[in-house]
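Novice: The listed protein sequences derive, respectively, from chains U, E, X and Y.
Going by my numbering, the final residue of the first sequence carries number 390, and the count climbs one at a time with no gaps.
Going by my numbering, the final residue of the second sequence carries number 390, and the count climbs one at a time with no gaps.
Going by my numbering, the final residue of the third sequence carries number 383, and the count climbs one at a time with no gaps.
Going by my numbering, the final residue of the fourth sequence carries number 383, and the count climbs one at a time with no gaps.
The beta carbon of each residue, even a glycine, is placed where N, CA and C say it ideally should be.
Before anything else, here's the structure in question.
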Amino acid sequence: MEFSFSPEEQKLLEEVRAFIKAETTDALLAESEELGHIYGGKEGRKFIKKFASHGWLTPNWPAEYGGLGTSATVAFAIREEMARAAVPLIFVAAHMAGPTIMHFGSQEMKDKWLLPIARGEVEFCLGYTEPQAGSDLAALRIRAVDKGDYFLLNGQKMFNTHAHVADYHWLGTITDPDAKKYRGMSLMIVDLKSPGIDIRPMVTMAGWQTNEVFYEDVKVPKENLVGELNAGFFYVMHALDYERMFPLAIYARLVDEVIEYARNTTVDGEPLARNPVVRQKLAQLKIEIAANRHLYYRLAHMLDHGQVPNYQASMQKLFATETVQHITNTAMEVLGMFGLLKKGSKWAVLAGNTERYYRTSVVETIYAGTSEIQRNIIALRGLELPRK
Amino acid sequence: MEFSFSPEEQKLLEEVRAFIKAETTDALLAESEELGHIYGGKEGRKFIKKFASHGWLTPNWPAEYGGLGTSATVAFAIREEMARAAVPLIFVAAHMAGPTIMHFGSQEMKDKWLLPIARGEVEFCLGYTEPQAGSDLAALRIRAVDKGDYFLLNGQKMFNTHAHVADYHWLGTITDPDAKKYRGMSLMIVDLKSPGIDIRPMVTMAGWQTNEVFYEDVKVPKENLVGELNAGFFYVMHALDYERMFPLAIYARLVDEVIEYARNTTVDGEPLARNPVVRQKLAQLKIEIAANRHLYYRLAHMLDHGQVPNYQASMQKLFATETVQHITNTAMEVLGMFGLLKKGSKWAVLAGNTERYYRTSVVETIYAGTSEIQRNIIALRGLELPRK
Amino acid sequence: MNYDLNEEQKMIKESAHRFLAEACSSDFVREMIEDEKGFTPEFWGKMAELGWMGLPFPEEVGGAGMTFLDLAILLTEMGYYCVPGPFFSTVVLGGLTVLEAGNDEQKSRILSEVAAGKRILTLAWLEEGGTWSPEGIRLRAESRDDQFLLSGTKLFVPDAHVADTIVVAARTGDAPDEISLFEVDANAPGVDITLLDTLAGDKLCEVVFNNVKIPGANLLGKEGGAWPVLNNTLLKAAVGKAAEMDGGSQKALEFAVGYTKERVQFDKLIGTYQAIQHHCANMLMYADTGHFLMAHAAWKIAEGLPFEEEASMCKAWVSEAHRKLVALAHQVLGGVGFMEEHDLQLYFRRAKTAEVAFGDATFHRERVAQAVGL
Amino acid sequence: MNYDLNEEQKMIKESAHRFLAEACSSDFVREMIEDEKGFTPEFWGKMAELGWMGLPFPEEVGGAGMTFLDLAILLTEMGYYCVPGPFFSTVVLGGLTVLEAGNDEQKSRILSEVAAGKRILTLAWLEEGGTWSPEGIRLRAESRDDQFLLSGTKLFVPDAHVADTIVVAARTGDAPDEISLFEVDANAPGVDITLLDTLAGDKLCEVVFNNVKIPGANLLGKEGGAWPVLNNTLLKAAVGKAAEMDGGSQKALEFAVGYTKERVQFDKLIGTYQAIQHHCANMLMYADTGHFLMAHAAWKIAEGLPFEEEASMCKAWVSEAHRKLVALAHQVLGGVGFMEEHDLQLYFRRAKTAEVAFGDATFHRERVAQAVGL
């Protein structure tokens, strides 16, 4: 066992940290906050291209596809650093679509997409969820009909976050409606500027936008099919084991800010930080953050040792997101009435972030597999409890 | 709404309290502790007969059957008092079998059993659970075969607490093995001294005894069948709504004792009672006890208003037993190392009760319907969530 | 023991339910969150017509002479519908304080106008460095001739920006609890009110007093003796807030339970999944326990019995139970409930606001500890 | 970053697993709970033969020169099998203290005998009114000529009744942390040992010292300077206890998961019920997080890095997580698990004992608070 980074890893991470510190401008942060994520706006795209030029967007990819050939651990650590700097985007292109293309895509597809992805030039958005298909991905209805040189798509997606700023849709679509569940779905890459696509905003209670995406007679070139026809469900499931990684750091930083606040704030004549109940609560959060960090780096360890994370990925997602809600709620408790004040309000503390994070955190235990689904996976896959 | 007892109710309760105070001798308490419950031993039987002679064992029964015709509220309040006095037995005869006989028994059965029950002269024990039938009562296997003038019983019961000290078994048995589930079970009263009954102790981790009961060619007179043949499951379910009532008071008293302990104990130079974290924990227990008391008296209220408790009984059982475990665990936390000491050990505090209650409390969320079953009932019956 | 509402309470509940279903739609609630004032004169007038403004005040001053428990029933319905506007500030915070602290002239003058819907009140007690303790009140009222001079800043004063009268808790001596209450004209020179921007879009204000002159006659109650009154009001307000949460719990429960009966995943209604069933069971348990603890405290207040312990038990429990209940509703509703468009978010915002208001769970557990002899 | 055991650790784990499966049956464990001594010389001798007694001590004194992490791996297996006897007292409490505080002569003399299985140690630090703070140590060691005179009562001293040597923390001055450590012969005149009766049937003792004479040479370390050493030992012991709980968690998880695959209710294996699945998922989450926090703290100790924060994080988390895990196992096993006959109760008893030992969750969270700058 070994709980520290190697000297080379540390050196690389220091460079990343220095870069982030220098390049995370107020303009970038403001834009990211407005959009809800770093990618999409002018500042974000600029930042990411520069960042990616060091190979840091896809550090564990082979050099031929724009990576540095590092360990997965480094990739995880870089993402932790980004999150801590409040630019915590999970890049659909670099971190979800890219690895699937690398595993299952044709050589043509790899050649066409991987370098631009690694360079941060293109960004995808996930196109899985539909109104009737949330946790249950097998309930997809959107149809892609084979028209010879192209697929013709009709249907609707929902909760497709990022669609209004991304370039391509990483789309799950039914290609064989007569097949048994899970056997008639394919993955394809769709240019979001294609005629027939209508993206409509859905506003979340956190303030940021997700989207409904309507497809009406949208043509998708055959070459944009990922891997085999009707194998999409398998690819998605496979990818999930790689995708679920929640570095938590922006929320971890909130805890540090609240600790600092507690040290500097006197309530009823006593510094908050001397209040034993407050101390217990904040210490507990630090412990949960430490526990999550282990669940997180275990995933990297597994990848670096040729193992495929399985229930371990579900556990990390579950634990991280429940920790997130514990963090935001505790922060609100410590701040008391001041926690209720929004960014920009007179008397707001900690830049009003707590209130905003508190609202955002509601979705954490819901998106990308609810806590209930994750617990099912842990029991069934991790402990092999009986299905029937 | 009204959250106090009427003057007449208060008067009666004061008499009960005075009686309990006078009659709860050390000998009785020692015997009860040894047996795990008040009934069965010499002291217990003596106490109960005297207690019952006032009508207090079955206060809400009509006078003709040995009751006082009081409200259910009074019956609940008396049981709360008994529990607080550390003689917290739920009498199977008076509180489970009796009401069912009153509702569904023949006139002959009522005449034969109700008065002796009300007088505390006979005690039953529950005979539901079998090795394969715990939560799932429909899985009973014990068979009663109709032999003309009697039933012939063969089979095995398990976890039948009280069987070694009670007089009669309140037995659920299969009378029609070909019937659909729930339709072939009957209830009967079986003399535990009948030839062919073998009672074997099962020792619990709390130290007290429950039992396996083996039936081999046991003859049960036909007149001991309760109500209709094959209607047993219905009676049991019906009775459950009346039976689930958990006054909590012996554990509630433990909280008061721990509060007293905290006031009188200095740790690291500070009285425990001044420790803000301890204060939070103990206050929380008092709140949960108050909440449980409402769930408890709501059941009495419903009975007194001609309603049948339904999910409300499940909720009270669930909440009470989770509170119990919260109480015993918190008490252990407050006592620290001293909580580990058993009754009789040098340096034991609070008579070593905490350690014992902590072990006993494990079964609370399991027996008489697990917490999982109670939550199912609340959802399905209380909120009418879909079954299919 | 009786857990049923009486006939009068049932009437209050049903008529409020009917009226608010009509008058207080989700659209209206959302509009009022955006609206700077946070209510409309029409809506206010209709509530006054129904007699709500005077409900807990004696008939002599134009009130309905009903009890705090009756008021709590009404607040429950208001919570169910997320009623906007300064009702709570006026009737609970300002009104009950005046009723307890004021002399006959003050009560008659102020409360009759309140009951008629013609005067909006609020109460200013919190300041920067304090929660709910007499020590936290530092704003000074200096006695000068026949007047008092107020200087200082109050925070989180609900609805001050639309209030006619602000009841202000101010320090009139150096002993920890030398606190006095004053009737202050919200439009008096030197009173400067700034609306704060909050999670729930409720209208909390900063109120700055710059040498505001208060006539001596505006002292409410005995000089330096206001802490017990203020403490009582805030405890009652805590119970009143728990009543609102009780209503909110009912609504959130309805959202969740309704959804379990229509949403299908993996070919089954989600209500058939045990995890969802248990979430809903826990919600109902939170709702029922919260309801009873609230009703018990409100009943004690109504009966004129000591209510400190029950009030703090109620607020400690409901603060957390209600938040957890709403969180479970979110978990059941999934992505749909996270959308701005769904009303559940309104309840989420109010749940946290109500949790903090008048002392959170930790605060009230400490009070319970005191009450049970710790 | 590496979450795998190294080859040596895997060997320790596997050989311990094999040996204990044979030598430490449930019957043996139950017998030792009833047994007054709590272990047998045969069992002790076999463990010594395997080199366990000297595992963390340097080779110069007959030890194996392995790390604290290696020791933690062994303790995990011991926890899995509920190993009885004074191993923890001897090697962790007594041994590591002597290793850190003792001079060369003391280390060589005491630890070589420990490594050979010929000397049993324990550590006496708790007293009636204290937990784990220097102020809690009131037992006095008076310097008299070339001796020290010990008077006072130590409580909850594990295995003192079978120990050869008791390492005693005593007060040698009035400043709060003027604490010294002494090597005390357990059979010395004036040492009076009474076995206490405990939840887990582990052997905790009262040890009364009546003017016990200690040669000056038996001072371990600097007079008055023992607190940092003692504090370190107790933190290491906390991590070691968490390692035992780690093993206990594995066992309880196996009990529960095994039962879900055989027990049928309502015509289905109970493992198919979502409520049971989620209980088991939570158990695994507690087990994995506990394991990592324990391993991290043990690794820090092994590497000679500062470990206060990680050790307290570990003990705070595992104390509660392990108890909750065992409670979930009980819930899954139902009535069967409540029977004395089922081994789960052994783990239940040990879980609570381990939770309290060397500081419970509240205690260690407070330490974490200090470590993170609160």
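How far does the beta strand (DSSP E) with residue 445 of chain E in it reach, from first residue to last?
Specialist: With chain E running from 3 to 390 in the structure shown, residue 445 of chain E is simply not present.
Novice: Can you confirm whether residue 278 of chain U, when its beta carbon is compared against all beta carbons of chain E, has any partner nearer than 7 Å?
Specialist: Counted from its first residue, the first sequence places residue 278 of chain U at position 276. Output row for residue 278 of chain U: interface = yes.
Novice: Would you call residue 345 of chain X buried or exposed, if buried means 16 or more other Cβ atoms sit within 10 Å of its Cβ?
Specialist: For the purposes of this step, residue 345 of chain X is taken as the residue at position 336 of the third sequence. By the 10 Å Cβ count, residue 345 of chain X comes out buried.
Novice: DSSP three-state call for residue 158 of chain X: helix, strand or coil?
Specialist: To locate residue 158 of chain X, count along the third sequence from 1; it is residue 149. Correct three-state label for residue 158 of chain X: strand.
Novice: Take residue 261 of chain Y and list the residues in its own chain whose beta-carbon comes closer than 7 Å to its own, dropping the five residues that flank it on each side.
Specialist: By 1-based counting over the fourth sequence, the position of residue 261 of chain Y is 252. 334, 335, 338, 353, 356.
Novice: Determine, using beta-carbon pairs with one atom in the region 305 to 321 of chain Y and one in the region 237 to 254 of chain Y, whether at least three such pairs fall under 8 Å.
Specialist: In short, these stretches touch, since the Cβ pair count reaches three.
Novice: Once you ignore the five residues that flank residue 358 of chain Y on each side, which residues in its own chain have a CB closer than 6 Å to its CB?
Specialist: Against the fourth sequence, residue 358 of chain Y aligns to sequence position 349. Same-chain partners within the cutoff: 208, 209.
Novice: Name, going along the chain, the residues of the region 272 to 288 of chain Y whose beta-carbon falls closer than 9 Å to a beta-carbon of chain E.
Specialist: The residues in question are 272, 273, 274, 275, 276, 279, 282, 284, 285, 288.
Novice: Identify every run of the beta strand (DSSP E) within the region 81 to 117 of chain E, keeping only runs that are complete inside it and at least 3 residues long; order them along the chain.
Specialist: The qualifying runs do not exist here; there are none.
Novice: In angstroms, rounded to a whole number, what distance separates the CA positions of residue 155 of chain E and residue 142 of chain E?
Specialist: Taking the first residue of the second sequence as 1, we reach residue 155 of chain E at position 153. Taking the first residue of the second sequence as 1, we reach residue 142 of chain E at position 140. If you take the alpha carbons of residue 155 of chain E and residue 142 of chain E, they lie about 13 Å apart.
Novice: Taking Cβ-Cβ distances shorter than 8 Å, what residues in chain U pair up with residue 340 of chain X?
Specialist: Here residue 340 of chain X corresponds to residue number 331 of the third sequence, with the count starting at 1. 367, 368, 372, 373, 374, listed in chain order.
Novice: Taking 8 Å as the cut-off, does the region 280 to 300 of chain Y touch the region 225 to 235 of chain Y (at least 3 CB pairs, one atom from each stretch)?
Specialist: No, they do not touch.
Novice: Which residues does DSSP pair with residue 11 of chain X in a beta bridge?
Specialist: As a working mapping, residue 11 of chain X is identified with position 2 in the third sequence. Beta-bridge pairing links residue 11 of chain X to E:4.
Novice: Any beta-carbon of chain E closer than 7 Å to the one on residue 180 of chain X?
Specialist: Against the third sequence, residue 180 of chain X aligns to sequence position 171. So, not an interface residue.
Novice: Identify the contact partners of residue 130 of chain X in chain U, using a Cβ-Cβ distance below 8 Å as the criterion.
Specialist: As a working mapping, residue 130 of chain X is identified with position 121 in the third sequence. Those within 8 Å of residue 130 of chain X in chain U number zero; the least Cβ separation is about 20 Å.
Novice: For residue 82 of chain Y and residue 349 of chain U, what's the separation of their Cα atoms in angstroms?
Specialist: On the fourth sequence, position 73 is the one that residue 82 of chain Y refers to. On the first sequence, position 347 is the one that residue 349 of chain U refers to. Distance between the alpha carbons of residue 82 of chain Y and residue 349 of chain U is about 52 Å.
Novice: What residues in the region 178 to 196 of chain E bring their beta carbon closer than 7 Å to a beta carbon of chain Y?
Specialist: Cβ contacts with chain Y: none found.
Novice: Using beta-carbon positions only, say whether residue 330 of chain E and residue 359 of chain E come within less than 7 Å of one another.
Specialist: Taking the first residue of the second sequence as position 1, residue 330 of chain E is located at position 328. Taking the first residue of the second sequence as position 1, residue 359 of chain E is located at position 357. Yes, Cβ-Cβ distance for residue 330 of chain E and residue 359 of chain E is below 7 Å.
Novice: Return the first residue and the last residue of the beta strand (DSSP E) that residue 57 of chain X is part of.
Specialist: The residue labelled residue 57 of chain X in the question sits at position 48 within the third sequence. No beta strand (DSSP E) holds residue 57 of chain X; the alpha helix (DSSP H) holding it covers 50 to 58.
Novice: Tell me the DSSP secondary structure of residue 215 of chain Y in three-state form.
Specialist: Translated into positions along the fourth sequence, residue 215 of chain Y becomes position 206. It is a strand residue.
Novice: At the 7 Å Cβ level, is residue 305 of chain Y part of the contact set with chain U, yes or no?
Specialist: Translated into positions along the fourth sequence, residue 305 of chain Y becomes position 296. By this cut-off, residue 305 of chain Y is an interface position.
Novice: With residue 318 of chain Y as the anchor, note down where its alpha helix (DSSP H) starts and where it stops.
Specialist: Residue mapping note: residue 318 of chain Y aligns to position 309 of the fourth sequence, counting from 1. Here the alpha helix (DSSP H) through residue 318 of chain Y covers 317 to 342.
Novice: What is the DSSP secondary structure of residue 151 of chain Y, counted as helix, strand or coil?
Specialist: Translated into the one-based positions of the fourth sequence, residue 151 of chain Y becomes position 142. It is a strand residue.
Novice: Whose C-beta lies closer than 6 Å to the C-beta of residue 144 of chain Y among residues of the same chain, with five residues either side of it excluded?
Specialist: If you number the fourth sequence from 1, residue 144 of chain Y lands on position 135. So the list reads 185, once near-sequence residues are dropped.
Novice: Using alpha carbons as the reference points, say which of U:127, U:80, U:106 lies closest to residue 95 of chain U.
Specialist: The count along the first sequence starts at 1 and reaches residue 95 of chain U at position 93. For the residues U:127, U:80, U:106, the minimum Cα distance to residue 95 of chain U belongs to U:127.
Novice: Whole angstroms are fine: how far does the CA of residue 288 of chain Y sit from the CA of residue 303 of chain U?
Specialist: Working through the first sequence from its first residue, we reach residue 303 of chain U at position 301. Working through the fourth sequence from its first residue, we reach residue 288 of chain Y at position 279. Residue 303 of chain U and residue 288 of chain Y: Cα-Cα distance of roughly 27 Å.
Novice: Residues in the same chain with beta-carbon distance under 7 Å from residue 290 of chain U, minus the five sequence neighbours each way, listed in chain order, please.
Specialist: Reading the first sequence from its first residue, position 288 is the one you call residue 290 of chain U. So the list reads 325, 328, once near-sequence residues are dropped.
Novice: Going along chain E, which residues have a C-beta under 9 Å from residue 138 of chain Y?
Specialist: Here residue 138 of chain Y is taken as the residue at index 129 of the fourth sequence, counted from 1. Under the 9 Å cutoff, chain E gives 267, 268, 269, 270, 271.
Novice: Under 7 Å between the Cβ atoms of residue 68 of chain E and residue 60 of chain E?
Specialist: Counting from 1 along the second sequence, the entry for residue 68 of chain E is found at position 66. Counting from 1 along the second sequence, the entry for residue 60 of chain E is found at position 58. Cβ atoms of residue 68 of chain E and residue 60 of chain E: closer than 7 Å.
Novice: Using a Cβ cut-off of 7 Å (strictly closer), state whether residue 163 of chain E contacts chain Y.
Specialist: On the second sequence, position 161 is the one that residue 163 of chain E refers to. So no, residue 163 of chain E is outside the interface.
Novice: Got a sec: is the Cβ-Cβ distance from residue 281 of chain E to anything in chain X below 7 Å?
Specialist: Within the second sequence, numbered from 1, the residue matching residue 281 of chain E stands at position 279. Yes, residue 281 of chain E counts as interfacial toward chain X.
Novice: Hey, is residue 207 of chain U's beta-carbon within less than 7 Å of any beta-carbon in chain X?
Specialist: Along the first sequence, one-based indexing puts residue 207 of chain U at 205. Cβ-Cβ to chain X under 7 Å: yes for residue 207 of chain U.
Novice: Less than 7 Å separating the beta-carbons of residue 388 of chain E and residue 161 of chain X?
Specialist: Reading the second sequence from its first residue, position 386 is the one you call residue 388 of chain E. Reading the third sequence from its first residue, position 152 is the one you call residue 161 of chain X. Going by C-beta atoms, residue 388 of chain E is not nearer than 7 Å to residue 161 of chain X.
Novice: Just to confirm before moving on: does the CB-CB distance between residue 247 of chain U and residue 305 of chain U stay below 7 Å?
Specialist: The residue you call residue 247 of chain U lines up with position 245 of the first sequence. The residue you call residue 305 of chain U lines up with position 303 of the first sequence. Cβ atoms of residue 247 of chain U and residue 305 of chain U: not closer than 7 Å.
Novice: Kindly give me the distance between the Cβ atoms of residue 140 of chain X and residue 372 of chain X, rounded to whole angstroms, as I take these residues to be in contact under 8 Å.
Specialist: Counted from its first residue, the third sequence places residue 140 of chain X at position 131. Counted from its first residue, the third sequence places residue 372 of chain X at position 363. Sure, about 7 Å apart at Cβ, within 8 Å.
Novice: If we count the other Cβ atoms within 10 Å of its Cβ and call it buried at 16 or more, is residue 309 of chain U buried or exposed?
Specialist: Position 307 of the first sequence, counted from the start, is the residue given in the question as residue 309 of chain U. Exposed.
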